[in-house]
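Undergrad: Residue numbers (our numbering), protein chains in the order written: chain A, 1 to 359; chain B, 360 to 520; chain C, 521 to 650; chain D, 651 to 776; chain E, 777 to 1062; chain F, 1063 to 1696. Here's a structure for you.
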Amino acid sequence: MPERIVVPFGPQHPVLPEPIHLDLVLEDETVVEAIPSIGYIHRGLERLIEKREFTEYVYVAERICGICSFMHALCYSQGIEEIMKIEVPDRARYLRTIWSECSRLHSHLLWLGLFADGMGFENLFMRSWQLRESVLDVLEDTTGGRVIQGTCKIGGVRRDIGAEKLAEMHRALDPFEEQCRNLGDVFLNDETVKYRLQDLGVISKDEAYALGAAGPTARGSGVAIDHRETGYAAYGDLGFKPVVETAGDCYARCAVRVKEVYASIDLIRRAISEMPEGPLDVKVKGAPDGEYFSRVEQPRGEVVHYLRGNGTKHLARARIRTSTLANIPPLVKMLPGAQLADVPVVVLSIDPCISCTER
Amino acid sequence: MSTMAFLKRSPWILHYDASSCNGCDIEVLACLTPLYDVERFGIINTGNPKHADILMITGGINELNRAVVRNLYEQMPEPKVVVAIGICAATGGIFRECYNIAGGVDKVIPVDVYVPGCAARPEMIIDGVVAALSILEEKRAKMTGAAQIKDDARHAAGEST
Amino acid sequence: MGIFQMTKTVLRNLAGGPATRQYPAVPARTGPLTRGHVVFDPATCRSCSLCSKRCPCEAIRLDKEAKVWEIDRMRCIACGDCVEGCPFGSLTMEPEYFAPVVEHVVERYTITYVKPEKPAKKPVDESAGA
Amino acid sequence: MTVNEEQTTIGVALEDLMREVEGLQTGGYRLVQIGCTDIGGAYEVNYSFDKGYQFRNLRLTVGPETEVPSISGIYWGAFVYENEMHDLFGIPVAGINIDFKGTFIKTAEKYPFSVTRRGGDRCRNA
Amino acid sequence: MNWLIGAVLFLILAPIAGGLIAGIDRKITARMQGRVGPPLLQPFYDVGKLFEKERAVVTTAQNFYVLAYLIFIALSGALFFAGGDLLLIVFAFTLAHVFLVLGAYAVHSPYSHIGAERELIQVMAYEPMIILAAVGFYMVSGSFYVTEIAATTVPAILYLPGVFLGFAVILTIKLRKSPFDISTSHHAHQEIVKGITTEFSGSTLAQVEIAHWYENVFLLGFVFLFFAWNPVIGVVAVAITYLAEIFVDNVTARARWQAALKSGWLATLLGIANLAILSYMMLGGA
Amino acid sequence: MQTLLFLIVFPILVACLLLFVKRTTIRYAVVALSALAIGGASIYLLMRYAFEGAVYFAAPSGAIDLAMVAIEMGLALFIIYMGAKFRNYLAILLAVIQAALVVYLEMTFSGSLHAANNLFIDQFSIIMALIIGLIGSLIAVYAVRYMETYHHHHPEVRDRQTFFFFVTFVFLAAMFGLVFSNNLMWLFFFWEITTISSFLLIGYSETEEATKNAFRALVMNLLGGVAFVVAIVLLAATEPTSGGIDLARVLASPDAAVVLIPVVLIGFAGITKAALMPFSSWLLGAMVAPTPVSALLHSSTMVKAGVYILVRFSPVFAGTFAGFSIGLVGGVTFLVASAIAISRSDAKSVLAYSTIANLGLIAACAGVGTYMLVWAAILLIVFHAVAKALLFLGTGVIEQRTGSRNIEDMEGLIVRMPKMAVMMFIGIAGMFLAPFGMLISKWAAIEAFVQVPFGLIFIAILAYGSAVTVFFWAKWMGKLVTVTQNTERVEKGFFEESWAPLYIITGLVIAAVFLFPVISSMLIEPYVLAIYGVTAHLADANVAIMLLMMALLLILPVSFLLFKRTARHLPAYMGGRPATPDLHFAGSLGLTREAQTRNYYLTEYFGEAKLFRPGAAVCIVLILVSWILAGVAL
Ligand code: SF4
Ligand code: SF4
Ligand code: SF4
Ligand code: SF4
Ligand code: SF4
Ligand code: SF4
Ligand code: SF4
Ligand code: SF4
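The structure is reproduced here in structure tokens:
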């Protein structure tokens, strides 16, 4: 009869770069109970809205999280634009799409690396992050920042990408895609990786839907929700289909992300070739009055910015619900029954981003 | 009492994400990867305070992590240095005025090097570690010196009795 | 067949040599847009205080009376908003990073711009430290 | 294929909340979020649901001390939002399936978003 | 007196060789990962550094067990290079590991204990194969003594290919290489922090590291025995074997303990099959 | 011969005396003095006969034989009575069969029921006598204090201490008789006495469980007893070629095929008594008895009678397929029982499985029966007896002191009961670490099996088995040495006297390593030489290395002094969470939790439920095969 082991897992833990803590109750190494707890990163930036004008708040929104910083800025800006009925110029919409997808690329590659690290596959981690650097280089060249871009603003974008740079990016996409596909092959076909991922942390389609799972966590279980389908930014013009896997295990969630990497490359390619000319932004006058639930598909799933203006320069409320928060209930269901060695893998399989979760 | 100073050639780091936005965080991790490869300098990210020489903290101090940061710092054997990565870790950065942010890391533990930037970039982080190394070496010298003094005192006491 | 999928990468890495950018032997890679740090030109600043108002981090402080312009390097997020906002081009964003320091740095400049017809340009008194 | 997103907000009374939520659940909606807003002396609690990108929002308005029933019996995952509601706003939620009892998000100042929070310093340049 | 020279040489040279091997290992690993990697002498810097650190313990007893671990690892290696009885060496080797495990147990710490349990699982996984390898050598050379095994003129590897493969599997466990670096790991982060070495720091950790160097040299010596009939081929084979281990380390994810145990035991079965065929041939031949 | 008789008769006298001693102090004095006498006598035996080889004594028979039969009938009646009382009809049936067979034997073969010499002694018997005389009597001494506390803790159990010690000493007497008998009828008589004694001791507490387990032991041993009688009947029937009931003659029998069947049957009796699979359950059930009983059963008596008989007859097994499959029964038992021990957290249960495993190993050696293996088997018997006695007695002390015999509850024993922890540590080390005896014996066994045809099977079993053994012992050791914080010492105040036997046995465990070369060259090697004409021994160089290791082990603790000085004490790593020194930390849901470190039990792979039945099934098949093969050989 196995005895119960109680292990304090985190907040500081080598495998999870962000502080999340779990009280693990194990029998031998099988998890019987895992209660997560957060709060180590809570800053309280929603209330910063009281101290920042709504235009300045974009900088704060970007720093809700440094990984999909662009997406947060985008989600926030789109919300304000919706309230203020601002029509964003076409070129800006396309540029936003390109940067969004670059963010998704670097985020997914980052995640793939961390995931490999979680499985103890150091070389794969190195390779993923090496590829990610090429995306970061593009981001730096086009926005001036590697991880915090600072190019999205209300009413459009702050920088353009010149034709020359666009052409260069387009040329670079093919070799990059090939490298990504080689990397993806390892994740999808390597036996040791499969052994670590398959049948682990299974969430059925119905369960995923009922628990409100978001993003690849939902899509890995066969729930086809992807907010890009609503056609914000330029997605409506580019045509978009969500990537869906049905197994609901860690392998499926990984596969979704691998395939989304390919899909992102494709979207960028199309966005570049269909890039319209035109202005980058429109002038923002007045202050927002009204409310809107702005939703954007982040690498980790849908994020909701609930924005409510009261006609002044300061919003009355900004409430940010991120995908990781929505994915915590599925995570709680996934852990019991896993092995201790699988705990980081399962936790990482929802791609937790504590920073934006806790705000 | 060695004067070899291996410490400078083998700084092992412990990275903790206090309340950063992940931006600086992932740049710290990026340092380990092929393009920056800090292992060139003998740096290893240990993830275990008992093995670490340099504590790298990203993000500011909030209500909950205050005790964690102090705990990690105390778990590290001397000599040790603290490198605050990013302006959040220096002053709280853009979140300085948030109700849950008490300020930079130096509110809780002594910080030896500040790496500014938002996000701090891998190259700056490398520079930060290099700056930390000489401080680390200073601390080691002081430590062995102190031990020497203590030793001498003990000898003196031993002889007098 | 799925075993050792990583072999290709390993062999390529061995054959191709390391991808490492040899910083610091090789200078850091930056682009023209790279936001490194803000540089202030005391000779052209007209103390309009727009920069300090726009700054989301309260990193810039301006004392119009004393003609002092300060930037707290430990607060600046290098967003570039002040640079964009300065109507007189007194601020520029340099791609080089601000080097790590052992103490908080607040840079203080005395504005040398003089209103008269011919603006005399001479940089004076640049002191770092806090 | 692009789906047009629609957002509808329906006010709901406290006593109807559970019924409405159950209705949405049987209707195949998923829970997107629960969020609160301080509207001066009272809270608006938004229960947001979605089905095929059609966004439905139940809006409950409650006084500062009113106890709100938990919907975690219907939507298991609601506990994250309800704990947050309690920790940040101080709204008492009754019967959460996983009740963190005020430790979900620990804050330096208690209930930082509550209507009774101190200060009205809306301007940083004061 | 030959045996004494072997033992003394081992005690002096093994740490140097072991540290260099570790340095080469890290360099090659880095290259396989597209990185430059640390200087060749990095392992020595690391150990030197550890000796410079403050002595910090959770409980004083931990140092005692680690020292015992080091001493007995060195002893078993020395016995090996002195040409002693292989079985006795294997048992001394086990004793050493039990001390390491006890060191981790002595500390009342969850991660340390989990590491200790996993280390024991590893011991359980590799021990049968090591014993079997010793028996295999006996069947080929008619002796358990390393001196005599090393002196045989028959190429042991030809008779013991299965045993060698099995040994290669457990060598991965012993060198703490992926996929079997479950109890503590030299690289890639691990869910149990640093497992068995979590609570060791400073000079104690340095001792663990030095013991590991001793151990590696000893293990490579063991590999050499398979090829001992021709020293040149032997050295080359040892190098190739080690390279293969580094390679496997770099192309696999870490396994769970179940897989480590099963692999170790299946490897043993392979060895048994090999020996069964061998003994059948010998019976038939006789 | 007087010494032999003294060792058999004196304990019986003491037993009768103890029936009338009610005060603990007086009982302690009596037991301690008799222990001294018995121990002294066995040492005298050693000095007197060690260099003489086998010596035979024509002890008076006739009247004694009759008395024995009478007592056997009486015992049968007693079993029938008990069986009726507790409705265990199987026991009655077996007792009746056995009695009937004995009567049949006496009636039909009275002519061939005599041995030239009823008693004998050789080096093997001396070793057994030493084990019984030293370890057995030390356990008896320990039991005096233990039983007093036992009744203190268990007021619900009827106090029958006088009876308890009576049976204990009868038990010792029977064991002496058993190892000195050359007459198989005598041997069988003592054999039956040990069965009954253990039955009475296991059922001591008179609880339902105790009674049930006592009967299980009884039934299984009676089964062996029946086989034993059948064997004697067969031997008596084939007296001219087989040698009848004269042990020496049977062993020297010219017609090995004839004696093989009876010897295999006796081997079967040995298997039941040695609690090999599938009969292990009686020994496991015996754990309900007070700890000294377990110590007795496991280390110096009872099961040792089982393996004694197997080793005695191993020259007959040697080289036969029947013997080989008996050896396999032992081998499988060794592997399965060791594996199951992993999944147990009850200290006594672990000890029990480990005993079964080691008996299995001894049986494996005996069954295959080459000279080297017999040498190894006897080594195993010796080392197992000392180390196991220490462990049982230690567990008993710990249980009485801390209220638990769960291994998990022994966490931090090094802080709470440092002396006890060190003794347990040594005991456990004695079970599986180089250079202690058990490991040396295993090593010897491996070297021996290599040279046996098909020995590879045993090598494989040993390789896996010893790996498994390392796992469960080391994790137990680990629990002992964990330095916990904030735990009080509970060692003080324990009856100081009961430490004496523990100290002595601890000394014996260590001494066994140093004396091992002496024991081997003085007793075991001559015995093996006498029987096989060749003998085994360890190479001198290896002995030297082992002694060096032992010396290192003894010196190492001195290095402790080195560490005392400057180290700074840090709390354990708790994921950065602030925690108290006793590992309480702030957990989720606002609860304060305690980090718990527990051993692994790997039940999924090594659970009793998973392994016991398959193991038992394999062993049953092997036993049947051994009979068939014996039959075929004929
Ligand atoms: S999910 Fe949130 S925290 Fe994570 S990368 Fe995106 S915005 Fe950042
Ligand atoms: S300094 Fe900037 S990038 Fe770094 S953690 Fe703070 S907000 Fe994020
Ligand atoms: S204090 Fe900061 S925010 Fe306020 S005016 Fe000065 S620079 Fe601007
Ligand atoms: S760059 Fe941004 S943060 Fe820095 S001073 Fe200018 S506006 Fe402020
Ligand atoms: S720097 Fe530019 S914006 Fe700032 S005060 Fe001077 S002129 Fe105005
Ligand atoms: S403008 Fe003045 S009164 Fe108004 S909120 Fe700001 S500080 Fe307060
Ligand atoms: S008046 Fe309003 S917008 Fe202006 S500074 Fe004050 S709070 Fe901000
Ligand atoms: S800072 Fe000055 S201008 Fe801005 S809101 Fe406050 S008072 Fe008004």
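For each residue, glycine too, the CB sits at the ideal point set by N, CA and C.
Any chance the CB of CYS596 (chain C) is under 7 Å from a heavy atom of ligand 2?
TA: Because no heavy atom of ligand 2 lies under 7 Å away, the Cβ of CYS596 (chain C) does not count as near it: no.
Undergrad: Does the beta carbon of LYS501 (chain B) sit closer than 8 Å to a beta carbon anywhere in chain D?
TA: Output row for LYS501 (chain B): interface = no.
Undergrad: Please go through the same chain and pick out, in chain order, the residues whose beta-carbon is closer than 7 Å to the beta-carbon of ARG429 (chain B), but skip the five residues on each side of it.
TA: Excluding residues within five positions, the ones whose Cβ falls inside 7 Å are VAL467 and ILE468.
Undergrad: I'd like the span of the beta strand (DSSP E) that includes GLY462 (chain B), first residue to last.
TA: Its beta strand (DSSP E) spans residues 460-462.
Undergrad: How should LYS635 (chain C) be labelled, buried or exposed, when 16 other C-beta atoms within 10 angstroms of its C-beta is the threshold for buried?
TA: Counting Cβ neighbours within 10 Å, LYS635 (chain C) comes out exposed, since fewer than 16 surround it.
Undergrad: At the 8 Å Cβ level, is ILE580 (chain C) part of the contact set with chain B, yes or no?
TA: False, the Cβ-Cβ gap to chain B never drops below 8 Å.
Undergrad: With a cut-off of 8 Å, do at least 3 Cβ pairs link the region 961-981 of chain E to the region 395-412 of chain B?
TA: Contact between the region 961-981 of chain E and the region 395-412 of chain B is present, because at least three Cβ pairs lie under 8 Å.
Undergrad: What does a CB cutoff of less than 7 Å around GLN12 (chain A) pick up in its chain, not counting 5 residues either side in sequence?
TA: Taken in chain order, the residues that qualify are PRO19.
Undergrad: DSSP beta-bridge partners for GLN542 (chain C)?
TA: Looking at the DSSP assignment, GLN542 (chain C) forms no beta bridge with any residue, so it has no partner.
Undergrad: Does PRO544 (chain C) come within less than 8 Å of chain E when only Cβ atoms are used?
TA: No, because no Cβ of chain E sits closer than 8 Å to the Cβ of PRO544 (chain C).
Undergrad: Among F:LEU1585, F:GLN1064, F:ARG1467 and F:PHE1252, which residue has its Cα nearest to the Cα of LEU1413 (chain F)?
TA: The shortest Cα separation from LEU1413 (chain F) among F:LEU1585, F:GLN1064, F:ARG1467 and F:PHE1252 belongs to F:ARG1467.
Undergrad: Starting from the beta carbon of GLN149 (chain A), find every residue of chain B whose beta carbon is closer than 9 Å, and list them in chain order.
TA: Those within 9 Å of GLN149 (chain A) in chain B number zero; the least Cβ separation is about 10 Å.
Undergrad: Please tell me whether, using a cut-off of 7 Å, the distance from the CB of GLY600 (chain C) to the nearest non-hydrogen atom of ligand 5 is below it.
TA: No, the Cβ of GLY600 (chain C) stays beyond 7 Å of every heavy atom of ligand 5.
Undergrad: Excluding the five sequence neighbours on either side, which residues of its own chain have a C-beta within less than 6 Å of the C-beta of VAL470 (chain B), listed in chain order?
TA: Once the five neighbours on either side are set aside, the close Cβ partners of VAL470 (chain B) are VAL441, ALA443 and VAL464.
Undergrad: ILE5 (chain A) by DSSP, collapsed to three states: which one?
TA: In this structure, ILE5 (chain A) counts as strand in the three-state DSSP scheme.
Undergrad: Specify the secondary structure class of SER954 (chain E) as computed by DSSP and reduced to three states.
TA: Coil, per DSSP.
Undergrad: Sorry if obvious, but does the Cβ on GLY445 (chain B) come closer than 7 Å to a heavy atom of ligand 2?
TA: Yes, ligand 2 has a heavy atom inside 7 Å of this Cβ.
Undergrad: Determine contact between the region 374-388 of chain B and the region 54-67 of chain A, defined as no fewer than three beta-carbon pairs at a distance below 8 Å.
TA: Segments in contact, yes.
Undergrad: Of the residues E:TYR914, E:MET808, E:ALA927 and E:VAL833, which one's Cα is nearest the Cα of GLY536 (chain C)?
TA: That would be E:MET808, whose Cα lies nearest to the Cα of GLY536 (chain C).
Undergrad: Listing by chain order, which chain A residues have their CB less than 8 Å from the CB of CYS457 (chain B)?
TA: The contacting residues are ARG43, GLY44, LEU45, ARG47 and LEU48.
Undergrad: Quick one, which residues of the region 1639-1663 of chain F are near chain E if we go by CB-CB under 7 Å, in chain order?
TA: Listed by position along the chain: LEU1645, ALA1657, THR1659, ASN1661 and TYR1662.
Undergrad: Along chain G, which residues have their Cβ under 9 Å away from the Cβ of LEU981 (chain E)?
TA: The chain labelled as chain G is not found among the protein chains of the depicted structure, namely A, B, C, D, E and F.
Undergrad: Are the C-beta of VAL470 (chain B) and some C-beta of chain F separated by less than 8 Å?
TA: Not one chain F Cβ lies under 8 Å of VAL470 (chain B).
Undergrad: Among E:THR948, E:ILE958 and E:PRO904, which has the Cα closest to the Cα of GLU991 (chain E)?
TA: Of the listed residues, the one whose Cα sits closest to GLU991 (chain E) is E:THR948.
Undergrad: Should VAL883 (chain E) and ALA1634 (chain F) be called a contact, given that it needs their Cβ atoms to be closer than 8 Å?
TA: In this structure, ALA1634 (chain F) lies closer than 8 Å to VAL883 (chain E) by Cβ.
Undergrad: Taking 8 Å as the threshold (beta carbon to beta carbon), is GLU398 (chain B) in contact with chain E?
TA: Yes, GLU398 (chain B) lies at the interface with chain E (some Cβ there is under 8 Å from its Cβ).
Undergrad: Spatial neighbours of ALA1049 (chain E) within its chain, please: C-beta separation below 8 Å, excluding the five flanking residues on both sides.
TA: The residues are GLY938.
Undergrad: From the beta carbon of PRO475 (chain B), is the nearest beta carbon of chain C less than 8 Å away?
TA: Yes - at least one Cβ of chain C is within 8 Å of the one on PRO475 (chain B).
Undergrad: Could you check where the alpha helix (DSSP H) with CYS602 (chain C) kicks off and where it finishes?
TA: Note, CYS602 (chain C): alpha helix (DSSP H), 601-605.
Undergrad: When you compare only the Cα positions, how much space is there between LEU599 (chain B) and ALA208 (chain A)?
TA: Outside the shown range of chain B (360 to 520) lies residue 599 (chain B), about which nothing can therefore be said.
Undergrad: If we define contact as Cβ-Cβ less than 8 Å, is ARG1032 (chain E) a contact residue for chain C?
TA: Not one chain C Cβ lies under 8 Å of ARG1032 (chain E).
Undergrad: Can you tell me whether DSSP reads ALA858 (chain E) as helix, strand or coil?
TA: In the structure shown, ALA858 (chain E) sits in coil (DSSP, three-state: anything other than H, G, I, E or B).
Undergrad: Assign LYS1481 (chain F) to one of three DSSP states: helix, strand, or coil.
TA: It is helical.
Undergrad: Going along chain B, which residues have a C-beta under 9 Å from GLU759 (chain D)?
TA: Going along chain B in sequence order, the residues near GLU759 (chain D) (Cβ under 9 Å) are GLU422, TYR458 and ASN459.
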